[in-house]
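Residue numbers (the numbering used here), protein chains in the order written: chain E, 1 to 293; chain X, 1001 to 1282.
The beta-carbon is built from N, C-alpha and C at its ideal position, and this holds for glycine as well.
The structure displayed is predicted, hence computed values, not measured ones.
Report on the following structure.
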């Protein structure tokens, strides 16, 4: 028994072949176009709905755009990842793949990278539309200023509008949206290695997503006043460790209102997300490597 | 380089029954050896443990106890599959890929790349008779075509061992005949074949040796002639024999102490007849 298979056997060529194929598989799914269309409709239509808002139009556009990107990238990652393993197992394509010199680690990593590629493409497309919407609104605002302001005051006002439209911290905000979707996809992959049905995987993943968003608030409420019992503290610590605090990714809300995102905070959140992705993936590998096919 | 293609020693596999403390014994104390270059048929009724044995040999399932190796390499190691081609029963591939794309994908998993992979894929498409369907998506392939593309992907990495699980299941006689010919070509090229099939006639035609399993145990093993041949009987087929000749042959047999067990009009092989008829129409 000393010749056991190395669970982390690695070939970048095989991983790339698997991720490329997974990407092709996911791009052909109807749900991809359906969700992307919805995201496009929401981001695009915000250009018209903003006229009925009393808030700063650019801020509303950013709120709606970043919010839609966050929700739809998460939903896309969730729905695409949940069915990856069960489908390959049901169709027995998994047997044909693993009967080649492909380790389960490579297979799982290839599948996850395929999902990441899809998420990257989706977020890129949504970002381009978002940038287009912002540019159109910017031109509308400038045209309105030109009508209302005297020529000598115009350049300063235009510069102010331009600075408020394309702030540099939109980019780290979008990067965090992508990272959050990647984290939730990795979690879904882990759940799909444990579950026997994709419906269960989707439901559990949604529950974990909700827990991830409220756990920070719950933690503060339970531990307030220093009266919490040791058992409750252990439970809270366990929950904080098992489920990522997804509220941390809501720095995007601050970005939407124009608050600058400190570099340190960005890297802290990115490091936090990256660490959870790594831990969830290693757990998924651990479960999948011992699973009977 | 090991002269033994597959070596199975004291193999046991038990599957736990959910919510019970019981286990189902899928394979029990199985030991067998398939020398390199041999075509070995693993036979048995459904649930006899054939597929589990195959999966363990391919490293897809872990044994409860015992060992399996392929060309001297432990089956649990990824390297053991470098010389193996596998065709599962009723294979499903990605329907959105064309025949050529399927081979390119599986070729990359075998470590092939670039123009050698493209050439090898084209060559195999020609070998399995799917050249014209190379650019068609697999979603539009018939069952026989899927089996043939499955065989092509199994042969991609120039394997020294082919593991075939019901390679002609659900395929029409012409397709089955073509697959059988391909297996015989592999045999001639010295490729070891482990074949699981319910079609005993086909097994008899192709295999050098067989093993019969039931309830996880190997009940019989050996050369087909040794296991199924009737050593004290011989078949004699005559053409244009007159009734008088048959009468005198019968009399000579009785006189020498032999016995004519059966005498009937010879028939052509039904498969051969079917193929002749369909070939003429096409």
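DSSP three-state assignment for residue 273 of chain E, whether helix, strand or coil: Residue 273 of chain E: helix per DSSP, three-state reduction.
Span of the beta strand (DSSP E) around residue 223 of chain E: Counting along the chain, residue 223 of chain E sits inside no beta strand (DSSP E); it lies in the alpha helix (DSSP H) bounded by residues 198-223.
beta-carbon residue 168 of chain E near the ligand ATP non-hydrogen atom, thresh 7 Å: The model depicted lacks the ligand ATP and carries no ligand whatsoever.
Whole-angstrom C-beta distance between residue 46 of chain E and residue 133 of chain E, which should lie under 8 Å: Confirmed, Cβ separation roughly 6 Å.
Sub-8 Å separation of residue 1083 of chain X and residue 1035 of chain X beta-carbons: No. Outside cutoff.
For residue 1113 of chain X and residue 1128 of chain X, believed in contact at Cβ under 8 Å, the rounded distance: Contact flag wrong, Cβ pair sits at about 22 Å.
Where residue 1019 of chain X sits in the DSSP three-state scheme: DSSP places residue 1019 of chain X in coil when its eight states are reduced to three.
Given residue 183 of chain E as reference, the closest of E/238, E/169, E/209 once Cα atoms are compared: Taking only the C-alpha atoms, the option nearest residue 183 of chain E is E/209.
Per-residue DSSP class, three states only, for residue 1229 of chain X: Of the three classes helix, strand and coil, the one that applies to residue 1229 of chain X here is coil, per DSSP.
Contact check, residue 1026 of chain X vs residue 1009 of chain X, beta carbons under 8 Å: Contact: no.
Interface flag, residue 193 of chain E vs chain X, CB-CB below 8 Å: It does not; no Cβ of chain X falls within 8 Å.
Distance CB(residue 110 of chain E)-CB(residue 15 of chain E) smaller than 8 Å: At the C-beta level, residue 110 of chain E and residue 15 of chain E come within 8 Å of one another.
Contacts of residue 1266 of chain X in chain E (Cβ-Cβ under 7 Å): Within chain E, no residue has its CB atom less than 7 Å from the CB of residue 1266 of chain X, the nearest being about 43 Å off.
Three-state secondary structure assigned by DSSP to residue 1362 of chain X: Limits of chain X in this structure are 1001 at one end and 1282 at the other, which puts residue 1362 of chain X out of reach.
For residue 126 of chain E, the nearest candidate out of E/72, E/271, E/205 (CA to CA): The shortest Cα separation from residue 126 of chain E among E/72, E/271, E/205 belongs to E/72.
Where residue 104 of chain E falls: helix, strand or coil (DSSP): Residue state, collapsed to three classes: helix.
Residue 1205 of chain X at chain E interface by Cβ criterion, 8 Å: Chain E, which has no Cβ nearer than 8 Å to the Cβ of residue 1205 of chain X, makes this no.
Distance between residue 1094 of chain X and residue 1146 of chain X (C-alpha atoms, nearest Å): Whole-angstrom Cα-Cα distance: 11 Å.
CB contact below 8 Å: residue 1088 of chain X versus chain E: So yes, residue 1088 of chain X belongs to the interface.
Among X/1088, X/1123, X/1059, nearest to residue 1100 of chain X - alpha-carbon criterion: Nearest of X/1088, X/1123, X/1059 to residue 1100 of chain X, Cα basis: X/1123.
Under 8 Å between C-beta atoms of residue 130 of chain E and residue 43 of chain E: Yes, the Cβ-Cβ distance between residue 130 of chain E and residue 43 of chain E is below 8 Å.
Cross-chain neighbours of residue 83 of chain E in chain X, by beta carbon under 7 Å: Correct list: empty, because the minimum Cβ distance to chain X is about 14 Å.
Residue 293 of chain E at chain X interface by Cβ criterion, 8 Å: With 8 Å as the cut-off, residue 293 of chain E counts as an interface residue toward chain X.
8 Å Cβ cutoff, residue 1132 of chain X in contact with chain E: No, residue 1132 of chain X lies away from the interface with chain E (no Cβ there is under 8 Å from its Cβ).
Chain E within 8 Å of residue 1235 of chain X, Cβ atoms only: False, the Cβ-Cβ gap to chain E never drops below 8 Å.
Span separating the alpha-carbon of residue 1065 of chain X from that of residue 98 of chain E: Using only the alpha carbons, I get a separation of about 21 Å.
Contact the segment 85-101 of chain E vs the segment 48-59 of chain E: 3+ CB pairs below 8 Å: Touching, no, given that fewer than three Cβ pairs across the two stretches are closer than 8 Å.
Beta-carbon proximity list for residue 84 of chain E, same chain, < 6 Å, skipping 5 on both sides: Leaving aside the five residues that flank residue 84 of chain E on each side, the residues in its chain whose CB is nearer than 6 Å to its CB run, in chain order, 111.
Opposing strand residues paired with residue 1213 of chain X [DSSP bridges]: In the DSSP assignment, the residues bridged to residue 1213 of chain X are X/1218.
Reference residue 1223 of chain X; option with closest CA among X/1230, X/1207, X/1233: For residue 1223 of chain X, the nearest C-alpha among the options comes from X/1207.
Proximity winner among X/1259, X/1252, X/1144, X/1107, relative to residue 1173 of chain X (alpha-carbon distances): Out of X/1259, X/1252, X/1144, X/1107, X/1144 has the C-alpha closest to the C-alpha of residue 1173 of chain X.
Continuous beta strand (DSSP E) assignments of at least 3 residues falling wholly in the segment 12-49 of chain E: Listed in chain order, nothing qualifies, since the segment 12-49 of chain E has no complete beta strand (DSSP E) run of 3 or more residues.
Rounded C-alpha distance that separates residue 293 of chain E from residue 1177 of chain X: About 31 Å.
Segments assigned alpha helix (DSSP H), at least 4 residues, entirely inside the segment 135-184 of chain E: Counting whole runs of 4 or more residues, the segment 135-184 of chain E contains the alpha helix (DSSP H) stretches 154-165.
Residue 74 of chain E classed as buried or exposed, judged by whether at least 16 other C-beta atoms fall within 10 angstroms: Sixteen is the threshold: when 16 or more other Cβ atoms of the shown chains lie within 10 Å of the Cβ of residue 74 of chain E, as they do, the residue is buried.
Same chain, Cβ closer than 8 Å to residue 3 of chain E, five either side skipped, listed in chain order: Confidence at residue 3 of chain E is low in this model, with a pLDDT of 43, below 50, so its placement is unreliable and no value can be given for it.
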